[in-house]
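Numbering (my numbering), first residue to last: -4 to 277.
What follows is a set of notes on a single structure, which appears directly below.
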Amino acid sequence: MSTDNTTQSASRTRPEGVRLAAGNAEVTVRPDLGCRLGSLRVDGLELLRQGDKYGSFPMVPWCGRIDHGRFRNGGELHQMPVNAAPHAIHGTGRNLRWRTARSSATEAVFTYDLADPVAPWPYPGTVTQQVALAEDGGSLTLTLCIETIGDSFPAQAGWHPWFLRNLGDGGADVIVDFAAEWQEERGADHLPTGRRIPPKPGPWDDCFGMPRGVDVTLTWPGRLQLTVASRGEWVVIYDEQEAAVCVEPQSGPPNGLNTLPRLVTPIDPLEISTTWSWRTLS
-4 MSTDNTTQSA SRTRPEGVRL AAGNAEVTVR PDLGCRLGSL RVDGLELLRQ GDKYGSFPMV
56 PWCGRIDHGR FRNGGELHQM PVNAAPHAIH GTGRNLRWRT ARSSATEAVF TYDLADPVAP
116 WPYPGTVTQQ VALAEDGGSL TLTLCIETIG DSFPAQAGWH PWFLRNLGDG GADVIVDFAA
176 EWQEERGADH LPTGRRIPPK PGPWDDCFGM PRGVDVTLTW PGRLQLTVAS RGEWVVIYDE
236 QEAAVCVEPQ SGPPNGLNTL PRLVTPIDPL EISTTWSWRT LS
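And the structure:
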């Protein structure tokens, strides 16, 4: 994705974020809080759990946990900060202030430097996130791109949305529906064991394989239905929290920097997109 156009719409950038709107949908992006979506409202209904740690944040340059925070790139062993002992979790991008490269009424592009001293990655490069609302306000597409400006390195990218379990006003809790081909068996250390097992019923804090692309539906009965789709083949479902459920499309499984490395090279950046589409049921 090109970010040559660095014209920023100051009128759309406020202390509380960059606001996009179309049809009956509004999105607020917080570049100052790890480029997370701080809000997604459809027909006046807030769909994301509120708070600086919630919303929906990009997981980059890795997703989920890294075993004890360590990964190898060839003969080099790297140690990432352990922030979910004994592991490192969810990448560095969510801890940084991103730069707004450009924005309009329905689309914005943000970047950060992988070597940012606040949360450094051992290889120089650039991460870009594009947030785009459809003109009719019926869907939202998020795209992440990781590029190197030097050596090749393994990386992952994905998203960690905190969808509200209940939209309030006496409505029923959300129903999560999906058909995965397998579930990554989770060990006592919360990392995949390497065994693929038939999908088990929830509650989940588990990674699932969907080789034909991620396709998960969330239904708030009588209120709204939202589909999370991606060409990515992996999704983590987390529904062990009372307030929210998470549907996390990503480019590889947890600990994938070690078990299924995908190299970012000077001629082959990593790019992944997810589209959330919705319809009201009332």
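Just so it is clear, CB atoms sit at the ideal spot from N, CA and C, and this is done for glycine as well.
Given residue i, which residues of its chain have a CB within under 7 angstroms of its CB, disregarding the five upstream and five downstream residues?
| i | result |
| --- | --- |
| Leu281 | Past the boundaries of the shown model lies residue 281; the chain is included only from -4 to 277, so the question cannot be answered. |
| Trp116 | Pro56, Thr87, Leu109, Ala110 |
| Gly145 | Tyr118, Pro119 |
| Leu255 | Gly247, Pro248 |
| Pro76 | Gly64, Ala83 |
| Ala175 | Pro194, Phe203, Gly204, Met205 |
| Asn19 | Val37, Asp38, Gly132 |
Any beta-carbon of chain B closer than 8 angstroms to the one on residue i?
| i | result |
| --- | --- |
| Asp146 | No chain B appears in the structure shown, which is made up of a single protein chain. |
Inspect the beta-carbon positions of residue i and residue j and report whether they are closer than 8 angstroms.
| i | j | result |
| --- | --- | --- |
| Gly204 | Glu228 | yes |
| Gly153 | Gln245 | yes |
| Leu276 | Arg218 | yes |
| Thr143 | Thr270 | no |
| Val171 | Trp215 | no |
| Ala79 | Arg60 | yes |
In its own chain, which residues sit with a C-beta less than 6 angstroms from the C-beta of residue i, not counting the 5 before and 5 after it?
| i | result |
| --- | --- |
| Asp263 | none |
| Arg191 | Trp177 |
| Phe52 | Gly29, Arg31, Arg89, His155 |
| Cys140 | Met(-4), Thr123, Pro264, Glu266 |
| Leu35 | Val22, Leu42, Leu43 |
| Leu40 | Leu162 |
| Cys58 | Gln151, Gly153, Gln245 |
| Val104 | Thr(-2), Ala96, Arg97, Gln125 |
| Gly50 | Arg31, Leu32, Gly33, Leu43 |
Compute the beta-carbon to beta-carbon distance between residue i and residue j, rounded to the nearest angstrom, for a pair I have assumed lies under 8 angstroms.
| i | j | result |
| --- | --- | --- |
| Trp177 | Leu221 | At roughly 24 angstroms, the Cβ-Cβ gap does not stay under 8 angstroms, so Trp177 and Leu221 are not in contact. |
| Ala150 | Val259 | 5 angstroms |
| Leu213 | Leu128 | Contact flag wrong, Cβ pair sits at about 18 angstroms. |
| Asp27 | Leu186 | Incorrect: roughly 32 angstroms between the Cβ atoms, too far for contact. |
I'd like the span of the beta strand (DSSP E) that includes residue i, first residue to last.
| i | result |
| --- | --- |
| Thr138 | 134 to 143 |
| Gly204 | 200 to 204 |
| Leu159 | 153 to 159 |
| Thr188 | 187 to 192 |
| Gln178 | 177 to 181 |
| Leu28 | Run containing Leu28: none; DSSP gives neither H nor E here. |
| Gln45 | Where Gln45 is concerned, there is no enclosing beta strand (DSSP E), given that its DSSP letter is neither H nor E. |
| Ser12 | Correcting the residue type first, residue 12 is Gly in the shown sequence and not Ser. Residues 12 to 17. |
| Asn68 | 65 to 68 |
| Ser334 | Because the chain in this structure spans residues -4 to 277, residue 334 falls outside the shown range and cannot be described. |
| His73 | 71 to 74 |
So, at 8 angstroms on beta carbons, what are the nonlocal neighbours of residue i in its own chain, with the 5 sequence-adjacent residues on each side left out?
| i | result |
| --- | --- |
| Cys241 | His155, Pro156, Trp157, Phe158, Val231, Ile232, Tyr233, Asp234 |
Which two residues bound the contiguous alpha helix (DSSP H) that contains residue i?
| i | result |
| --- | --- |
| Asn253 | 251 to 254 |
What beta strand (DSSP E) runs, 3 residues minimum, are completely inside the region 206 to 242? 209 to 215, 219 to 225, 229 to 233
Run through the region 86 to 137 for me and flag every whole alpha helix (DSSP H) of 4 or more residues, listed as ranges in chain order. none
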